[in-house]
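Visitor:
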Amino acid sequence: MRAFKPWVRLCVFCASLFGVSLAIGLSLAAPGRAADTYPDHKVRVIVPFAAGGPTDVIARMVSEQLSEAWGQQLYVENMPGAGGNLGVENGARAAPDGYTIVAVSTGFIINPSMYSKIGYDPVKDFAPISLVAASPNVVTVHPSVPAKDLKELIALIKANPGKYSFAQPATGSTPHLAGELFKQTYNLDLVTVPFNAAPLAINSTLGNHTPIAFTALPPAIGNVKDGSLRGIAILAKQRVAALPELPTNVEEGVPGLESDTLTGIVAPAGTPKAIIDKWNAAIVKMAADPEIRKKLEALGFVPLANSPSEFTERIKSEMARWDKVVKTAGIHVD
505 MRAFKPWVRL CVFCASLFGV SLAIGLSLAA PGRAADTYPD HKVRVIVPFA AGGPTDVIAR
565 MVSEQLSEAW GQQLYVENMP GAGGNLGVEN GARAAPDGYT IVAVSTGFII NPSMYSKIGY
625 DPVKDFAPIS LVAASPNVVT VHPSVPAKDL KELIALIKAN PGKYSFAQPA TGSTPHLAGE
685 LFKQTYNLDL VTVPFNAAPL AINSTLGNHT PIAFTALPPA IGNVKDGSLR GIAILAKQRV
745 AALPELPTNV EEGVPGLESD TLTGIVAPAG TPKAIIDKWN AAIVKMAADP EIRKKLEALG
805 FVPLANSPSE FTERIKSEMA RWDKVVKTAG IHVD
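Structure below.
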């Protein structure tokens, strides 16, 4: 029997080696299989704001389209609080399995510059999937304001230091920071008046309490169309389908103010690449659908799907740009 012991040992070794190889092969194949079967149960989409806002609208549109495409329910969970930080932090702590996804706006990028303590890192704690849409910011004024474009508005404010004020929808929002950038760039004595919602900021300008407003485009479209507010400029490089007659700041000879409110989809860091890619492909397809594009454009959004790497670079560039504006303006939220 002793003569057979080396062969026994060899067989045991081969069996062990085969087992290890099989385990490695299965682990390597797992991401592909996960993507093939994903999702096999409900997917939670966190919206870190109350229902009805731009991020919520986009998240529900995405959830509806992908629920239909994938045959599994994607449901929105609104989790407002701390300027969006509560919902984003909850998403950062979720399991990276593709069953918790977060719909984010530009606040996701800006908040780390404004809050002394924040429970997430936009780059390290998340795997960007894709942008979905952007709503360019717009400058509007009460009809009694004599300025008809940005150059005239700058001249008017300079001639009347401290007299004029602008309404903004939320401290640290891109409309707010676009207004601060406007002040910083042209050294304007212009009073900032914060509100906690775009409709409130617009109502203040409608009443001529704050004769100027910086807001995202969607909540201002109706007032510009009916003439209750005068559109001064779209803060973008190109005109938008919702208000094709309104010139951009670039066309008016005042470049550098381009800004928009981004809406994108991210997953917790460590989510398998195959799942990220599946999400990305679905969003790219959705953004290319003519009917979806028409719906988004009618609401004042610009469809803007991109790759995970492009979204990552956009996050980094927006962080750097707005961090300078926040620090120069001395904006702190604690």
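With the first letter of the sequence shown counted as 1, position 254 gets the number 758 in the working numbering; the numbers rise by one all the way through.
Glycine is no exception: its CB is placed at the ideal position from the N, C-alpha and C atoms.
Is L692 helix, strand or coil by DSSP?
Guide: Note: L692 maps to coil in three-state DSSP.
Visitor: Evaluate V642 with the Cβ neighbour count: other Cβ atoms within 10 Å of its Cβ, from every protein chain shown; 16 or more gives buried, anything less gives exposed.
Guide: It is buried - the Cβ of V642 has at least 16 other Cβ atoms within 10 Å.
Visitor: Taking the beta strand (DSSP E) that L766 belongs to, which residues open and close that run?
Guide: Segment D764 to P772, the beta strand (DSSP E) holding L766.
Visitor: Should the stretch 573-592 be regarded as contacting the stretch 616-628, the criterion being three or more beta carbon pairs within less than 8 Å?
Guide: Yes, since at least three Cβ pairs between the stretch 573-592 and the stretch 616-628 fall closer than 8 Å, the two stretches touch.
Visitor: Sorry if obvious, but does the Cβ on A771 come closer than 7 Å to a heavy atom of the ligand MN?
Guide: By its list of ligands, the structure shown contains no ligand whatsoever, and the ligand MN lies outside what it can speak to.
Visitor: Would you list, in sequence order, the uninterrupted alpha helix (DSSP H) runs of no fewer than 4 residues that lie entirely inside the stretch 559-609?
Guide: With a minimum length of 4 residues, the continuous alpha helix (DSSP H) runs that stay inside the stretch 559-609 are 589-597.
Visitor: Would DSSP call N810 helix, strand or coil?
Guide: It is coil, neither helix nor strand.
Visitor: Does P794 come out as helix, strand or coil in the three-state DSSP assignment?
Guide: Residue state, collapsed to three classes: helix.
Visitor: On a CA-only basis, which of V566, K729, H545 and G556 is nearest A702? Give me that one, please.
Guide: It is G556.
Visitor: Determine the extent of the alpha helix (DSSP H) in which N664 is found, giving its start and end residues.
Guide: Segment: none, N664 is in no alpha helix (DSSP H) and carries neither H nor E.
Visitor: Taking the alpha-carbon of G757 as reference, which of E749, D653 and L578 has the nearest alpha-carbon?
Guide: For the residues E749, D653 and L578, the minimum Cα distance to G757 belongs to D653.
Visitor: Can you tell me the Cβ-Cβ gap for A778 and A631, rounded? I've got them flagged as a contact below 8 Å.
Guide: The Cβ separation is near 12 Å, so there is no contact.
Visitor: Rounded to the nearest angstrom, what separates Q672 and A607 at their Cα positions?
Guide: One C-alpha to the other measures close to 23 Å.
Visitor: Here's a check: name, in chain order, each residue in its chain whose Cβ is nearer than 6 Å to the Cβ of V695, leaving out the five neighbours to either side.
Guide: Result list for V695: S669, in chain order.
Visitor: Between the C-alpha atoms of P552 and M618, what's the straight-line distance to the nearest angstrom?
Guide: When rounded, the distance between both Cα atoms is 17 Å.
Visitor: Would you grab the beta carbon distance between V708 and L739 for me? Rounded to a whole angstrom, and I think it's under 8 Å.
Guide: In the sequence as presented, Val is not what sits at residue 708; that position holds Ser. Not really, about 19 Å apart at Cβ, beyond 8 Å.
Visitor: Name the residue from V636, I819 and V754 whose alpha carbon lies nearest to the alpha carbon of V561.
Guide: Among V636, I819 and V754, the Cα nearest to that of V561 belongs to V636.
Visitor: Restricting to Cα atoms, I'd like to know which of Y603, G585 and F718 is closest to S571.
Guide: It is Y603.
Visitor: With the cut-off set at 8 Å, would you say V728 and K741 are in Cβ contact?
Guide: Contact flag unset, no.
Visitor: Classify G731: buried if its beta carbon has 16 or more other beta carbons within 10 angstroms, exposed otherwise.
Guide: Exposed is the call here.
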